[in-house]
Structure formats: C-alpha cells, structure tokens
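Inspection log for the structure reproduced underneath, given as structure tokens.
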Amino acid sequence: MLVMSCGDNRRQLACWKQLSVISSSVFNDTSHVPMLSGDNYADWKEKIIFTLGCMDLDLALRVEEPPALTESSKTQEKDINDQWERSNCLSLMLVKSHTCKSIRGSILECPKVTDFMKAIEEQFCFF
Numbered sequence: 003m004l005v006m007s008c009g010d011n012r013r014q015l016a017c018w019k020q021l022s023v024i025s026s027s028v029f030n031d032t033s034h035v036p037m038l039s040g041d042n043y044a045d046w047k048e049k050i051i052f053t054l055g056c057m058d059l060d061l062a063l064r065v066e067e068p069p070a071l072t073e074s075s076k077t078q079e080k081d082i083n084d085q086w087e088r089s090n091c092l093s094l095m096l097v098k099s100h101t102c103k104s105i106r107g108s109i110l111e112c113p114k115v116t117d118f119m120k121a122i123e124e125q126f127c128f129f
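So the number in my numbering is just where the residue sits in the sequence shown, counting from 1, plus 2.
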C-alpha cells in the first residue's frame, strides 16, 4: 500500500488526484494485455505479470499462500491472509479473462493463480 505524506491539505489532494490518474491509467492498460491464443505465450505472460505488478495485485504470484487462519490468529495474520486472498482472486480473474476459452477449457479448475499459470506454462513451454 502506498502511503504519502504531503504537507497541507491542498498538496495532499493534488497527490491523491495524481495517484488516482496513474492508477486509472494502469487499470485501463489491461486492455493492452493480449488474449492468450497459443502463439503469443511469452508476450502474454510478460504483460500479465507487468500489469498485475503495476496494479499491486501480484502478491499471490510472489508469496506463498499464508497458513490457514485459526481462532487464535492475530489481526496482522488476518490482514496478510486477506491481502493474499484478494490478490489471488483478482489475479486469477485477470489471467482467465485474457485467456481464450479453448485454452481455459483444457485446464482443470485451479483455486490459485500460480497453479493456473503453471498449467498454462506446461501447455506452451516444452523443455
């Protein structure tokens, strides 16, 4: 999360407006992520990872899933779990929305974006 400290209220409002424009611009850039069609895997993956990073949604790609919450879980652990779950869910939606139906249909349901990305990679990367 980005925290800014700008002196007076006018400067703070200007900072937030500028940040809002940048965030909207990056969000609208998802239209520049190509649809994965089979022959564009490398370009697609690069743009997906870049877009998720710019949108600050790549946590689920960078960090392992946190342990399951328990009754004794602390607030910080709950917050981390919530952030990871949000990142995973939104990342998975973005990735799936930029994958053509025939490719999506050939992949088993994956609850984690990392598993979905690995399944796609296995189809397109021959080692």
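Just so it is clear, CB atoms sit at the ideal spot from N, CA and C, and this is done for glycine as well.
Short Cβ contact (8 angstroms threshold) for residue i with residue j
i: alanine 62; j: valine 97; result: no
i: proline 36; j: lysine 47; result: no
i: serine 93; j: leucine 54; result: yes
i: phenylalanine 118; j: isoleucine 105; result: no
i: leucine 59; j: serine 89; result: yes
Euclidean distance between Cα positions of residue i and residue j
i: isoleucine 82; j: glutamine 125; result: 32 angstroms
i: asparagine 42; j: proline 68; result: 32 angstroms
i: isoleucine 51; j: valine 65; result: 14 angstroms
i: methionine 95; j: glycine 107; result: 15 angstroms
i: alanine 70; j: cysteine 112; result: 18 angstroms
i: aspartate 45; j: aspartate 84; result: 30 angstroms
i: threonine 101; j: cysteine 56; result: 20 angstroms
i: lysine 120; j: glycine 40; result: 15 angstroms
Status (buried if at least 16 other CB within 10 Å, exposed otherwise) for residue i
i: isoleucine 122; result: buried
i: threonine 72; result: exposed
i: threonine 77; result: exposed
Residues that residue i bridges to, as DSSP identifies them
i: threonine 101; result: Leu38
7 angstroms CB neighbourhood of residue i in its chain, flanking five on each side removed
i: tryptophan 86; result: Leu61, Ala62, Val65, Glu67 and Pro68
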